[in-house]
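**Student:** Protein chains in written order, with the numbering used here: chain V, 788 to 1676; chain D, 3 to 207; chain S, 11 to 304; chain H, 920 to 1220.
For every residue, glycine included, the Cβ atom is placed at its ideal position computed from N, Cα and C.
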Amino acid sequence: MPSLGTSFGRGGATDYQQDLMNSDCITIMGSNMAENHPVGFQWVLEARERGAEVVHIDPRFTRTSAMSTKYIGIRAGSDIAFLGGVVNYILENDRWFHEYVRTYTNARVIIDDAYVDTEEADGLFSGWDPEQGKYDATTWQYKGMQVHGSGGSPEEGVKGEQSHGSHGGLLSHGDPPEEDWDLEHPRCVFQILKRHYARYTPEFVAETCGCTVEEFLWYADTICKNSGRERTGAFAYAVGWTQHTTGVQLIRSAAIIQLLLGNMGRPGGGIMALRGHASIQGSTDIPTLYNILPGYLVMPHTEHYGGLQKYIERSTAPAGWWGNADAYIVSLLKAWWGPAATKENEFCFSWLPRIDDDNSHYWTVQQMLKGKVKGYIVAGENPAVGSANGRAQRLGLAQLDWLVVRDLVEIETASFWYDSPEIESGELRTEQIPTEVFFMPASTHLEKDGSFTNTQRLLQWHFKAVEPKEDCRSELWFYYHLGKKIKEKLKESQDPKDWPVQHLTWEYGEQGGNEEPSASDVLREINGYDDHGQLLAAYKLLKADGSTSCGCWIYCGAYADGKNMAARKTPHWEQTYTALEWAWSWPANRRLLYNRASADPDGKAWSDRKELVWWDAEQKKWTGHDTPDFDEEKPPDYVPPDDAKGPDAIAGNHPFIMQADGLGWLYVPQGLEDGPLPTHYEPHESPFDNPLYSQRANPRRQQNKDLEEDPYNPVAGEGGSELFPYVVTTYRLTEHHTAGGMTRFTPYLSELQPQMFVEVHPDLARERGLEHGGWATIVTMRSAIEARVLVTDRMRPMKVNGAVRHQVGLPYHWGQRGLVTGGAANDLAHMALDPNVHIQEVKAFTCDIRPGRRPRGPKLAQFMDELRAEARAARATATRHEPEETRKT
Amino acid sequence: MRKEDRSAFLRGRGKLKREIAELVKSWPVLRQLDGDPLGLGKSVQSNRSRTLEPRIAEADHVAQSICPFCAVGCAQLVYVKDGAVMQVEGDPASPISRGRLCPKGAATKNMHDGPLREYKVKYRRPYGTEWEELPLEQAMDMIVDRILRTREETWEETTREGNPAKRTMGIANLGGATLDNEENYLIKKLLTSLGVVQVENQARI
Amino acid sequence: MSTAVESYGADAKPRMGFFTDTTICIGCKACEVACKEWNLIPEDGRLWTGESYDNTSALGANSWRHVAFVEQRKPLKLDGEVAALDAEPLRWLMESDVCKHCTHAGCLDVCPTGALFRTEFGTVVVQEDVCNGCGYCVPACPFGVIDKRDLPRSPDDAPLALPIFGKKEDGRVWKCTLCYDRLKGGHEPACAKSCPTDSIQFGELDELRERADKRLEKLRAEHWNGARLYGNDPDDGVGGFGAFFLLLDEPEVYGLPPDPVVPTAHLPKLWLNTAVAAAALLTGIAVSFFGGRE
Amino acid sequence: MSITERGTEMQSYYGRPIVKEPVWHPEVAAYFFTGGIAGTCSVLHGIGRVTRNEGLAKTALYVGAAADIASPILLVKDLGRPERFLNMLRVFKVTSPMSVGSWILFVSGGASTTAALLELTGRLRPVKWAAEVASFLTGPPLATYTGALVANTAIPVWSEARGELPWLFGASAAASGGAATTMFAPRRSAGPARRAAILGAVAELGLTVAMERRLGFVGEVYYEGEAGKYGRVAKACTAAGATLLAARGRRSRVAAAAGSALLLAGSAALRYSVFKAGFQSARDPRYVVEKQRERLREKTR
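(1) If contacts are defined as beta-carbon pairs under 8 Å, then Leu1380(V) and Asp1416(V) qualify, I think. What distance do you get, rounded to the angstrom?
(2) Quick one: measure Cβ to Cβ for Met142(D) and His1268(V), integer angstroms, because I've assumed they're closer than 8 Å.
(3) Mind checking the stretch 19-48 of chain D against chain H and listing, in chain order, the residues whose C-beta falls within less than 8 Å of any C-beta there?
(4) Can you find at least 3 beta carbon pairs, one from the stretch 1034-1050 of chain V and one from the stretch 994-1008 of chain V, that sit closer than 8 Å?
(5) Indicate the three-state DSSP secondary structure (helix, strand or coil) for Trp1360(V) in the structure shown.
(6) If you draw a straight line from the C-alpha of His1548(V) to the C-alpha of Asp1621(V), how long is it?
(7) Pick helix, strand or coil for Pro1638(V), following the three-state DSSP scheme.
(8) By DSSP's criteria, Gly1162(V) is part of a beta bridge. Which residues make up the other side?
(9) If Pro99(S) and Arg83(S) are in contact, beta carbons under 8 Å, what's the gap, nearest whole angstrom?
(10) So, do the stretch 1542-1557 of chain V and the stretch 1661-1676 of chain V have three or more beta carbon pairs nearer to each other than 8 Å?
(11) Any residues in the stretch 176-192 of chain D with a beta carbon nearer than 9 Å to a beta carbon of chain V? Which ones, in chain order?
(12) Since Ser1238(V) sits in a beta bridge, which residues does DSSP pair it with?
(13) To the nearest angstrom, how far is the alpha carbon of Cys996(V) from that of Gly872(V)?
(14) For His1249(V), would you say it is in contact with chain D, using Cβ-to-Cβ distances shorter than 9 Å as the test?
(15) Indicate the three-state DSSP secondary structure (helix, strand or coil) for His276(S) in the structure shown.
(16) Pro825(V) to Cys104(D), Cα distance in whole Å?
(17) Ignore the nearest five residues each way along the sequence and tell me which others in Arg1679(V)'s own chain have a CB closer than 6 Å to its CB.
(18) If distances are taken between C-alpha atoms only, which option among Leu1615(V), Ile1437(V), Val1607(V) and Leu1195(V) comes closest to Arg56(S)?
(19) Do we get a CB-CB distance below 9 Å when we pair Glu1538(V) with the residues of chain S?
(20) What is the rounded straight-line gap between the Cα of Thr1127(H) and the Cα of Leu1087(H)?
(21) Taking Cβ-Cβ distances below 8 Å as the criterion, which residues of the stretch 128-153 of chain S are in contact with chain H?
(22) Against chain D, does Cys109(S) count as a neighbour if the rule is that its beta carbon must be under 9 Å from one of theirs?
(23) Got a sec: which bits of the stretch 105-118 of chain D sit with their beta carbon under 9 Å from any beta carbon on chain S, in order along the chain?
(24) Have a look at Gly958(H) and Leu1056(H) and give me their C-alpha separation to the nearest angstrom.
(25) Considering only their Cβ atoms, is the gap separating Thr1065(H) from Pro1016(H) smaller than 9 Å?
(26) Just confirm the distance between the C-beta atoms of His1249(V) and Ser67(D), as a whole number of angstroms; I'd bet it's less than 8 Å.
(27) Check whether the Cβ of Val43(S) lies closer than 9 Å to any Cβ atom in chain V.
(28) Answer yes or no: do His114(S) and Val248(S) have a C-beta to C-beta separation smaller than 9 Å?
(29) Give the single residue among Gly1639(V), Leu1061(V), Val1629(V) and Glu1672(V) whose Cα lies nearest to the Cα of His1617(V).
(30) Excluding sequence positions up to five away, which residues of its chain have a Cβ less than 7 Å from the Cβ of Ala1035(H)?
(31) Nearest to Ile956(H) by CA position, among Ala1161(H), Ala1115(H) and Arg1042(H), is which residue?
(32) Quick one: which residues of the stretch 1144-1176 of chain H get their C-beta closer than 7 Å to a C-beta of chain B? List them in chain order.
(33) What does Thr207(S) touch in chain V if you count any residue whose Cβ is under 7 Å from its own?
(34) Scan the stretch 1546-1561 of chain V for residues whose Cβ lies nearer than 8 Å to a Cβ of chain H and list them as they occur along the chain.
(35) Is the distance from the Cβ of Val146(D) to the Cβ of Lys1272(V) below 9 Å?
(36) Taking DSSP's pairing of strands, which residues face Phe127(S) in a bridge?
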């Protein structure tokens, strides 16, 4: 999560769920927490019952809104405008937490003279290259400092998720070179921020977002009132923020607010990222992601092809905990290649494959459509329903040579070749699809040992309860035996490309009749060993000389002293409220990140009410209710010597220890693709013009302009935009889970939400002749699906720029199969992406809605062809050009 | 009648008598006389009700688990009897969930034993119109063959510019956010060693 | 009228019940599912109703918890700065309904077999090994809770003794048992245990009533629109509920009767009336004997 | 209308019923009918014996016994678990008209059929005598308790008619029991049965009208649907049967038979009408809500 990573240092939720009860004001935005995290929501209600304000800001009035003390309706995709308005309010009204901002953030840092803001360049930051469609971030840097990048193309820097948001400039010690502690220098971050958001007035917010000025002012005042020494406010968000072409910047907006109000690192404060899957945090920490290695180490890039030393130089920050990146990567290589990894051969670093800028999921789909990806293994995911543009997904699957689907039930991804909308419409014919399909029944979590990392970075072990039946096997079994068989096959090979597999360490104890590999053995390897074969206790002990091995440095300590810390189940009533003895969280079992900031610069709690971690002057150490997220013995007045490196270069009053300067970044000079500050852009598909700039949408968003399977609706200012006049937003319901593989095949859940439906406001129903309980067809350039109509005031029409506009709500759980079936909302979505994380924009795009059921069989294909032709013809009459396409800044 | 038979008969008769007496005594109409004249309470309680126990009392063992749905991370207790799951409910010890579960977590057993759960490998040959059966071991061998074949066919030692690549772009892997850390670790480790870089999961989605 | 708990003598336990506080119900339906899982209740149909998010619709033999959803153009709170901001007020009421375990329970009173009984915890439970499916309890419940299960018998049920009657269904009545078996083992009921926000609170009824009074006081001070307790009054028509509620609107909006009365409240008079009618019948017929045989 | 508007205005939960419809099958209505005949016949038989109207007494005994045999069969057939019919005698609950009724039916039915059997075989006179007494004493309650049974529910149209229903069922029992005996009794001894039938019919008509009036809006269901249809049939048949019996029943065997048949049909239709009215009343939550709101208003007044 580069937004949190670049702002604070780590890409994880900064808080733990229970801590929400300590909050005085919880803003839930981009999340429907009550519906999608019901059990976590108990802590929000605890806070509400203690008198906290709970504000839900969302396009839809949901079960979360119903439980909040105040709901504010805004139009989908206008969140940055709203939050930017809050930033402006804080700055204009002097509501920021002076001491916190001055000491703990980079507000005082002076930025390069060449930096040009979007406010001066009509929606583009300096460094825009229209040919490449990218920014050169050089001018965004701290004044007087070089971009910290290397290899062939310094302009690339290290970016996004890869960077873990930790790479500051080349600082020689803890303080950035040029600062103005009075925050008055015109080019200091604080003043840049002021100018950047000056136009985000309450009136602008109301007109752009569709709320009222009064509501906005009430909210802005409320969160300011509930911040400061005595009080704290928290944010909770989920994919309602991430699934936008501006997703990362959206979260950044909250980071800026929380830093300005001094809410980071403090009880009841922070930003709670609510993840949607059992181990989505875990699958990022130990990534099944193309661009990173375990522990957010960078995957080597084809353009940065130096050896290990180059790689380390590029990954190592001169200050902060990323200063030890060499130890992390070498220990990982030792974990993977064991004795084969030696100092002489650079620990087999050259064996790592190289990536390009984007080899992400949606890129893969395009490669499938081009026939370049031939084999696909899908384990516990259902892209045919769960990914944007389902039709493109399924057409891609039909181009494969072979496909392996591992799941509990026969999901749409496994059955696309005989049961899909494309088979129905005749676009695909079973007997002409070459794909060889293996469906492999999977084990449930009850049938295997292992650990999930939950939304608060907590590793929790689950013990196997029963043996899997028949052919059901865990993923652990599948990949382990796959590896074993492959190693056996390649045993004799002399081909250098087979060396990495031949030497891969692959020794895990086998248990039971199924020869299930031991998950504990795997976790031990992840935790790491020293050269005596002893399990390591903490990542501090990792070395760069090859004497330690560790599969994921941030998980080092999860098996400290031979004990599975993730399996600790000490009841909460036997410990304090931070419950440090329940399971284990990274890093180092700290529950509330950056908690050094819960104390003032001198190390004393800001107030009794909000004490968490403080400096004990007598014992000369940091202590408190949580594990201090700071060097335990580093006093608050510590000033790093000039030659200090790594963690030692962080000052005693700089709480963000992963950052190269130890500060919270209001302004992000590097690590992001689309600018150092969040700016309001319209969604990729929007019926509105950008009220601020002629640059309509995020210029850096990823589009697939030439991909026939991913056509876009005409947008505001283009011919044919009236064909898709409504904003559609997709979401989950409490009763189902994501693409439905685990729920719409489950009787007790299927009966609770048995059918696909669409939510519309009564005015829209009237406008389009939709009848409550009847059918409607929702169409985009991608596809048309049908749904039952639920006419409800909970879908509010929005008054935007003076005109009333409607929004359409679509849950996305259904598909062709299961006990309950229905149109897949993702079939309507496009594959334009956020540039930092390659996430699709399914929370705001455009559509049309018509009464009645969709055309069936071949008529559907015909209907879509006609619609696309009509829209293309209309667009040809009036095409729109954005600054992004022509102007270099 | 022989003596033994006779005494057995008498014993049997005695037993029968006692049983009848029991039956009469257990007749709720008579028990009503004993402090429950309206017949609303104890007098009408059946033997089954009187000796009722929660069925989890019969569990062979209880496994501590974690809910597999969203990322709140609720703790679960899994009661097992005769190798089958008999009940899944919240674990009160958890500081996060305090024993509570949402409808999805509460339906864990229903999902685990769902009517549409698959237990056998299914195989569709190229251009095939039907699923076919395939032994697990054979399926594994076939998948291994395909991975190695495709890797061989699509191997990129260098990029077009001549930079090292050491990878295959012909194979992709999707999934992970619903899996265990240990599983993700083996996926990333194995596929990276094979040069497969398109390893992705729901974090992207 | 007797509640029959005293028939347990020293074995009687404090009366247990539910306090369902709808102001913290998030409408997640965990209670419905947890109940079904524990009590092995069959599926109840997959019909989409369009009635907000409620597709369960009512309590019945196969739904012992039912979450009601009501969307309203009404403010959640009547006063305060937030209320003033809402030009178009909107609220979404959610309430998990359940058997009320009445102090004077219609179902229990009318059951002719003693299948329904008052447990030592003061709850009202159907004994599935006794019920013969006469169905009298169904219309006798003022809340429409208990119902007959018209689904096939489970395979381990005893075969029919009288095949000529040709019944194939389960045929018995079912409703919430307040997890009688769990209570006996010292566990709390499945729904209350799962409830993510503790909207369903389980405990000793006396204690729950006190808690509810305090809660109502707090809500009134916070200007909650329409906050009221329902079923907490021991002097109401059913002698107070064992499972009572805190609502935000009239009971009927949630599908609850505004003034439920146990049918047997009228029974003494009704018996007398019936006896007089019987005597009148006797008299009438006797009178008919005057006037000869022809 | 949006679901929100509906939620704002609604007076009951999406118009869904508050009380459950009964789960009884038509067998139960049929039993109300046969039970009524059996009860009346026990009385006719008893007084017939005392007044030495042997023809009437024997006919009433056999007709009653036949009704008594049919009754439990109908009831057991309606059970969800017919194999557990004996559980009806597991308890004796004064709070349950069905429990009390089961015991009455057990005693009365057992007594009448025993008496009829002994009458046929001419054996065990003292036992027969005892059975006859038992049957006579339990006859009237057998005929009226079913009214209490339906009145003792939460169904508005039944519960609110708790004043009338035992009487109505008693009257209807007299009409049908009298009619059934009239039909089979020798003409010369049928007088009391015929008069009982006429008397019962008149009372039935009067009570029906009175009940419908007094029920007010809750009684609407008697003018609608099946309850209305069968109610009209009941009134017509009963009125016609009574008139026919009164006018020509004494002299004409055919008229007596036809009149009796009409009364039987009327009585059966009445039970079915009342039975169905309960279902219709349960279906519409308005009856529950408005009636109770009315009551609450009165309480606060």
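**Tutor:** In short:
(1) 6 Å
(2) 6 Å
(3) Trp29, Pro30, Val31, Gln34, Leu40, Gly41, Leu42, Ser45 and Val46
(4) no
(5) helix
(6) 29 Å
(7) strand
(8) Trp1189(V) and Ile173(D)
(9) 6 Å
(10) no
(11) Leu176, Gly177, Gly178, Ala179, Thr180, Leu181, Asp182, Asn183, Glu184, Glu185, Asn186, Tyr187, Leu188, Ile189, Lys190, Lys191 and Leu192
(12) Trp1248(V)
(13) 10 Å
(14) yes
(15) helix
(16) 6 Å
(17) In this structure chain V extends from 788 to 1676, so residue 1679(V) is not present and cannot be described.
(18) Val1607(V)
(19) yes
(20) 7 Å
(21) Val140, Cys141, Asn142, Gly143, Cys144, Gly145, Tyr146, Val148, Pro149, Ala150, Cys151, Pro152 and Phe153
(22) no
(23) Pro105, Lys106, Gly107, Ala108, Ala109, Thr110, Lys111 and Asn112
(24) 9 Å
(25) yes
(26) 4 Å
(27) yes
(28) yes
(29) Val1629(V)
(30) Leu980, Tyr981 and Ala984
(31) Ala1115(H)
(32) The question asks about chain B, but that chain is absent: this structure's protein chains are V, D, S and H.
(33) Phe828, Gln829 and Leu832
(34) His1548, Pro1549, Ala1552 and His1559
(35) yes
(36) Val135(S)
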